[in-house]
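Asker: Chains as they are written, first to last, in numbering that gives the first Met the number 0: chain A, 0 to 88; chain B, 0 to 275.
Glycine included, each C-beta is placed from N, C-alpha and C at the ideal position.
If you scroll down you'll find the structure; I have some questions about it.
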Amino acid sequence: MVEVKLENLTKRFGKVVAVDHVNLKIRDGEFMVLLGPSGCGKTTTLRCIAGLEIPDEGKVFFGDEDVTYLPPKDRNVSIVFQSYACGPT
Amino acid sequence: MGVAMTPEQRMALKKLLIYAAAVVVVAWVLTPIALITVSAFAVPDDYYNMDKVIPTRFTTQNVEDLLFVLKGWVSTLNSVLVALITIAISFALGLPAGYAIARYAFPGRDAIKLLIIALRMFPVMTMAVPLAVLYIELGLSDTLLGVALAHTSMALPFVVLITSSIFMSVPVAYEEAGMVFGLSRSEVFFRITLPLALPGLAAAAIFTFVMSWNEGFIASILTLVNRTLPADILVSAMAAPDPYKFAGGFIMVLPAMSFVFIARKYLVTMWGITLR
């Protein structure tokens, strides 16, 4: 595992600020829960970590590596979506 | 009515009415097709015999004459070629557009969608003469590619709308899961989205085929020698005796008929989401 660090992470959709300057450090092996009401930006934060959204401001670090602009396939992360994404192989 | 009905009777009556309506609709659609088919294969003597409402003796002579004596097979081949080129070009241009409309929210998306449909409101008749002049200047006149290009401009709006609604029915989460597990953007399209969309896209392709196959007006204006089948029938077979006209009509009807039988279960996906 690796340490995940968010620095001033910000994501806007038009005028709506979905993630507002989030600073977060998840230590290696730590079990972290993001808790909050619907629409408070939990999913958007996770999507930024997975690389499915590119943040407007701030950086995402895996260990010492800056992965903010790295495409999801090169990040070695997994995400389980709210709705099942099982399809025919 | 005043007579009290049991729920069973009411159910039976409802069923009867639905079946009656279905019979009327089917008869409305199939009667002309049945007439064309019967007349196409009737022996000319039987067809012209006033005492016989329905011919009793049948032959394939009419269709054979139309195809081989009147060289109908050349124009049939032309029609198939034009339709295939039309599918190739309109899919090469329409698939990316449909995908973009389905997947990305960009400013003016709805306006672009509306403009694409509005293209179909434009009457082709008004453009016939300028188009012919342009084609002569470009050297496209009387070529199959030229007809295919004209058909592409007609089919493209439908291809864009149909493919966008098909792509919308493929969940975004599938694509994102694919990306997280190591596919690039284009690999996701070719290995996840495209296979899932394939049945619908095949239906869209056949739809394009039938549209090009049926189009006679532009084709008859833009060609002289290399005619497609409807243009050929429109111009030369109309001077022929009735059985040949019906034989031509029968050949024209075949692909559309088989299309509906093959693709009917995909028709809802094709139009379902755009109609919503």
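(1) Compare the C-beta of S77 of chain A with all C-beta atoms of chain B and state if any pair is closer than 8 Å.
(2) Would you mind giving the Cβ-Cβ distance between I100 of chain B and S163 of chain B, rounded to the nearest angstrom? I have them listed as a contact below 8 Å.
(3) Cβ of A172 of chain B less than 8 Å from any chain A Cβ?
(4) Count the other CB atoms within 10 Å of the CB of D73 of chain A; is the residue buried (16 or more) or exposed (fewer)?
(5) What are the partner residues of D241 of chain B, as DSSP defines its beta bridges?
(6) Thinking C-beta only, is V21 of chain A closer than 8 Å to L45 of chain A?
(7) Does DSSP put F105 of chain B in a helix, a strand or coil?
(8) Taking the alpha carbon of T285 of chain B as the reference point, which residue from B:P129, B:S185, B:L200, B:L144 has its own alpha carbon closest?
(9) So, using beta-carbon positions, are T41 of chain B and F249 of chain B closer together than 8 Å?
(10) When the Cα of P95 of chain B is compared with those of B:S185, B:F67, B:V252, which residue comes out closest?
(11) Flag this pair as yes or no: are the beta carbons of T222 of chain B and V146 of chain B separated by less than 8 Å?
(12) Inspect the beta-carbon positions of H150 of chain B and T59 of chain B and report whether they are closer than 8 Å.
(13) I need the straight-line Cα distance from F258 of chain B to E214 of chain B, nearest angstrom please.
(14) Taking only three categories from DSSP, how would you classify T222 of chain B?
(15) Using the three-state DSSP reduction, which class does T9 of chain A fall into: helix, strand or coil?
(16) With D19 of chain A as the anchor, note down where its beta strand (DSSP E) starts and where it stops.
(17) Would you please state the rounded distance, in angstroms, between the beta carbons of A262 of chain B and A202 of chain B? I believe it to be under 8 Å.
(18) Which of the residues in the region 43-57 of chain A, read from start to end, lie with their CB under 9 Å from any CB of chain B?
(19) Looking at C-beta atoms only, is the number of pairs between the region 179-198 of chain B and the region 106-123 of chain B that lie closer than 8 Å three or more?
(20) Is the CB of A176 of chain B under 8 Å away from at least one CB in chain D?
(21) DSSP three-state call for D45 of chain B: helix, strand or coil?
(22) In the structure shown, what three-state DSSP assignment does V3 of chain A receive?
(23) When you compare the CB of F61 of chain A with every CB in chain B, is at least one pair closer than 8 Å?
(24) Provide the residue(s) that pair with D65 of chain A in DSSP beta bridges, ordered along the chain.
(25) If we ignore side chains and look at the alpha-carbon of each, how far apart do P54 of chain B and P242 of chain B end up?
(26) Based on the DSSP output, what are the partners of F57 of chain B in its beta bridges?
Answerer: With the structure as the only source:
(1) So yes, S77 of chain A belongs to the interface.
(2) With a Cβ gap of about 4 Å, I100 of chain B and S163 of chain B count as contacting.
(3) At a cut-off of 8 Å between beta-carbon atoms, A172 of chain B makes contact with chain A.
(4) The residue is exposed, with fewer than 16 neighbouring Cβ atoms inside 10 Å.
(5) Answer is none; D241 of chain B lacks a bridge partner.
(6) Contact flag unset, no.
(7) If DSSP states are grouped into helix, strand and coil, F105 of chain B belongs with coil.
(8) Since the displayed chain B opens at 0 and closes at 275, residue 285 of chain B lies outside it and no answer follows.
(9) It is Ala, not Thr, that sits at residue 41 of chain B in the sequence shown. Going by C-beta atoms, A41 of chain B is not nearer than 8 Å to F249 of chain B.
(10) Minimum Cα-Cα distance from P95 of chain B among the listed residues B:S185, B:F67, B:V252 corresponds to B:S185.
(11) Cβ atoms of T222 of chain B and V146 of chain B: closer than 8 Å.
(12) Against a cut-off of 8 Å, the Cβ pair of T59 of chain B and H150 of chain B comes out as no contact.
(13) Going by the C-alpha atoms only, they are around 16 Å apart.
(14) Taken through DSSP and simplified to helix, strand or coil, T222 of chain B comes out as coil.
(15) Strand.
(16) Note, D19 of chain A: beta strand (DSSP E), 15-25.
(17) By a beta-carbon distance limit of 8 Å, A262 of chain B contacts A202 of chain B. Their separation comes to about 4 Å.
(18) Along the region 43-57 of chain A, the positions whose C-beta sits under 9 Å from a C-beta of chain B are R46, A49, G50, L51, read in chain order.
(19) Because the criterion of three Cβ pairs below 8 Å is not met, the region 179-198 of chain B and the region 106-123 of chain B do not touch.
(20) In the structure shown, chain D cannot be found, because the protein chains are A and B.
(21) In the structure shown, the three-state DSSP call for D45 of chain B is helix.
(22) Strand.
(23) So no, F61 of chain A is outside the interface.
(24) Partner(s): A:F60.
(25) Between P54 of chain B and P242 of chain B, the C-alpha separation is close to 12 Å.
(26) Residue pairing by DSSP places F57 of chain B opposite B:A41 in a beta bridge.
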